[in-house]
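**Student:** Under my numbering, residues 1 to 382 are what the sequence shown spells out, in order.
We put the beta carbon where it would ideally sit given N, CA and C, even for glycine.
Note that the structure is predicted; figures quoted are calculated from it, not measured.
I'd like to ask you about the structure that follows.
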Amino acid sequence: MKNKALLVGSLVAGIMSAGCGEAHDGTEEGGVDSAQQALISRTWAYAWAQQATGSFTASSSYSRSSSGDLFGQGVNNTVTQLGTGRYRVRFPGIGADAGGNVQVTAYGPGSERCKVEGWNASGDAVDVRVNCFTAAGAPVDTLFSIAYVRKSGTGPSHEAYVWADNPTAPAYTPNPTYQFNSSGENNTIERQGVGRYAVALPSQTAAGGTVEVTAYGPGSEHCKVGSWAQSGDDTVVYVRCFDSSGAPSDARFTLNFGRATQVNGALSYSYAWAHDATAAAYTPSLSYQKGYIAGDVGDVTTDITAGRTSAGRYVVNLPGMAATGSNVQVTAYGTGSEHCKVVSWSGDGAETQAYVACFDESGAAADARFVIVLTDTKTLFL
1 MKNKALLVGS LVAGIMSAGC GEAHDGTEEG GVDSAQQALI SRTWAYAWAQ QATGSFTASS
61 SYSRSSSGDL FGQGVNNTVT QLGTGRYRVR FPGIGADAGG NVQVTAYGPG SERCKVEGWN
121 ASGDAVDVRV NCFTAAGAPV DTLFSIAYVR KSGTGPSHEA YVWADNPTAP AYTPNPTYQF
181 NSSGENNTIE RQGVGRYAVA LPSQTAAGGT VEVTAYGPGS EHCKVGSWAQ SGDDTVVYVR
241 CFDSSGAPSD ARFTLNFGRA TQVNGALSYS YAWAHDATAA AYTPSLSYQK GYIAGDVGDV
301 TTDITAGRTS AGRYVVNLPG MAATGSNVQV TAYGTGSEHC KVVSWSGDGA ETQAYVACFD
361 ESGAAADARF VIVLTDTKTL FL
């Protein structure tokens with residue numbers, strides 16, 4: 001991590017927890033003070049690919065990096081089209097080491113979906129390859145949102161990620177270069193059936209956390225969060241993967257977990273589990289939502305709200321978050337083969353509205369639950 005990013009981390013007020021995911025009524029609270037937060041080093045970058053074709057610099061309004069200034073600005077993250085539906089995203093200034101985690105979400109009103117084909121360090125940059133497909137599994141040009149984070153160190157914060165690179169192994173420990181756990185322990189993965197996996201994150205607390213999942217590799221498979229729950233001292237995340245017909249399929253994937261902490265690296269964040277697929281207006285489970293603005297504001301006390309606007313279409317209201325300079329990732333949730341994406345996000349500085357669309361295997365709009373994570377560089381030192 002850049003030294004200035006660690007300096008900012010040392011200024012951030014303590015993070016307080018709020019609850020978590022499906023099988024819980026999480027009401028635990030706990031604090032992580034600024035000195036403890038600094039024990040985890042975070043190198044990160046994100047971008048919105050605002051064009052579907054050509055080579056271009058990602059929109060400066062939605063492109064940030066820990067290699068930038070105090071607020072992640074002043075960077076030129078770039079996108080190069082490699083072929084139909086195939087892209088390379090270059091994050092300069094953060095590539096001294098390999099490893100880390102990548103999440104990607106297709107953007108726009110259509111039923112396209114995107115995944116990570118691979119990533120590597122290239123000089124001082126990290127290069128990420130992204131593949132996008134129609135619902136039927138054909139390569140397609142489309143817009144997308146992408147986030148990269150690399151963490152090191154140990155501390156009391158609750159955060160972990162893995163690259164699940166062996167889809168047919170009965171049980172294994174993922175590549176240590178591409179996994180992280182703030183407890184210092186090793187994450188493990190168990191295959192529970194075709195396209196079904198249990199990812200164990202030792203010494204992590206499920207209550208109050210959030211999970212992102214993105215499929216990995218050149219094929220058109222897609223993955224989602226089935227659920228997550230506490231098992232003894234560990235959080236276990238259940239992942240489901242499918243082929244383009246909607247049938248369960250063994251697949252590689254990346255997974256990122258965080259509880260009341262900087263999930264995708266930047267200092268401010270907001271996340272929620274949108275647990276009701278049909279309600280016109282509701283408050284997502286308070287046990288699984290959290291908003292935090294770095295600085296004197298700290299925890300956002302206004303609840304995140306959400307609602308269904310039409311079949312498979314939703315709006316999520318994220319109080320306190322700035323739309324400009326932020327990044328949104330969406331992961332479908334549940335046991336079915338539906339997939340979800342971000343249509344757009346906008347706001348007035350006091351609140352951001354994120355619009356989400358979900359689809360079935362045919363590409364038709366489908367009501368579905370999902371997890372949403374907004375990452376922001378907004379800081380308020382008053």
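1) Sort out for me which residues DSSP pairs V300 with in a bridge.
2) Tell me the rounded alpha-carbon separation between A306 and V300.
3) Could you check whether Q81 and G108 sit closer than 9 Å to each other, using their CB atoms as the reference points?
4) Kindly indicate which three-state DSSP category S231 falls into: helix, strand or coil?
5) Would you call the region 120 to 132 in contact with the region 83 to 96, where contact means no fewer than 3 C-beta pairs closer than 8 Å?
6) Note the first and the last residue of the continuous beta strand (DSSP E) segment covering L82.
7) From the DSSP output, which residues share a beta bridge with A281?
8) So within the region 287 to 373, which uninterrupted beta strand (DSSP E) runs reach at least 3 residues, ignoring any that extend past its ends?
9) Beta-carbon within less than 6 Å of E159's beta-carbon, same chain only, minus the 5 sequence neighbours each way: which residues are those?
10) How big is the Cα-Cα spacing for A280 and T331?
11) Per DSSP, Y238 is paired with what?
12) In whole angstroms, give me the CA-to-CA distance for E112 and F133.
13) What separation, rounded to the nearest whole angstrom, lies between the Cα atoms of T43 and L267?
14) When you compare the CB positions of N264 and V149, do they come within less than 9 Å of one another, or not?
15) Mapping DSSP to helix, strand and coil, what is T205?
16) Note down the Cα distance separating A311 from D97, rounded to an integer number of angstroms.
17) Do N166 and R388 count as a contact pair if the criterion is CB distance below 9 Å?
18) Under the three-state reduction of DSSP, which class applies to T177: helix, strand or coil?
19) Using a 10 Å radius around the Cβ and a threshold of 16 neighbouring Cβ atoms, would you call T309 buried or exposed?
20) If I'm right that A364 touches E338 with Cβ under 8 Å, what's the distance once you round it to whole angstroms?
21) Between G118, I94, P319, which has its C-alpha nearest V102's C-alpha?
22) Does the beta-carbon distance from Y271 to T210 come in below 9 Å?
23) Among T78, F144, V116, D69, which one has its Cα closest to the Cα of G217?
24) Leaving out five residues on either side along the sequence, give the residues of the same chain with a beta carbon under 8 Å from the beta carbon of T154.
25) Going straight from the alpha carbon of K151 to that of G100, what length do you get?
26) Where does S152 sit, in a helix, a strand or coil, going by DSSP?
27) Taking DSSP's pairing of strands, which residues face N131 in a bridge?
28) Report, in whole angstroms, the separation of the C-beta atoms of G349 and L318, which I expect to be a contact under 8 Å.
29) Where do the N-terminal and C-terminal ends of the beta strand (DSSP E) with F56 fall, by residue?
30) Reducing DSSP to helix, strand and coil, say where S122 ends up.
31) T379 to P170, Cα distance in whole Å?
**Tutor:** Inspection of the coordinates gives the following:
1) V300 has no beta-bridge partner at all, per DSSP.
2) Using only the alpha carbons, I get a separation of about 16 Å.
3) No; because the gap between Cβ atoms is not below 9 Å, this pair is not in contact.
4) DSSP places S231 within a strand segment (E or B) once states are collapsed to three.
5) Contact holds: three or more Cβ-Cβ distances are below 8 Å.
6) That run of the beta strand (DSSP E) goes 78 to 83.
7) Paired residue(s): none; A281 is not in a bridge.
8) Whole beta strand (DSSP E) segments, 3+ residues: 290 to 295, 305 to 310, 313 to 319, 327 to 333, 339 to 347, 351 to 359.
9) In the same chain as E159, and ignoring 5 residues on each side of it, the C-beta atoms closer than 6 Å to its own belong to S182, G258, T261, in chain order.
10) Cα to Cα, the separation comes out at about 20 Å.
11) Per DSSP, the beta-bridge partners of Y238 are A198, S227.
12) Separation of E112 and F133 (C-alpha to C-alpha, rounded to the nearest whole angstrom) is 6 Å.
13) Roughly 11 Å between the two C-alpha positions.
14) By the CB criterion at 9 Å, N264 and V149 fall inside the cutoff.
15) Correct three-state label for T205: coil.
16) So the alpha carbons of these two residues sit roughly 44 Å apart.
17) For the chain, the structure presents residues 1 to 382; residue 388 sits outside this window and is missing.
18) Here DSSP, grouped into helix, strand and coil, assigns T177 to helix.
19) Classification for T309: exposed.
20) Not quite, the Cβ-Cβ distance comes to about 10 Å (not below 8 Å), so this is no contact.
21) Nearest option by C-alpha distance: G118.
22) In contact: Y271 and T210 (Cβ atoms closer than 9 Å).
23) Of the candidates T78, F144, V116, D69, the one whose C-alpha sits nearest the C-alpha of G217 is V116.
24) Cβ-Cβ distances below 8 Å link T154 to L39, I40, S182, S183, G184 in the same chain, with the five nearest sequence neighbours on each side left out; the list follows chain order.
25) Those two C-alpha atoms are separated by around 7 Å.
26) Taken through DSSP and simplified to helix, strand or coil, S152 comes out as strand.
27) Bridge partners of N131: R86, K115.
28) That belief does not hold up - the Cβ atoms of G349 and L318 are roughly 12 Å apart, past 8 Å.
29) From DSSP, the beta strand (DSSP E) with F56 extends over 55 to 57.
30) Here S122 sits in strand by DSSP.
31) When rounded, the distance between both Cα atoms is 44 Å.
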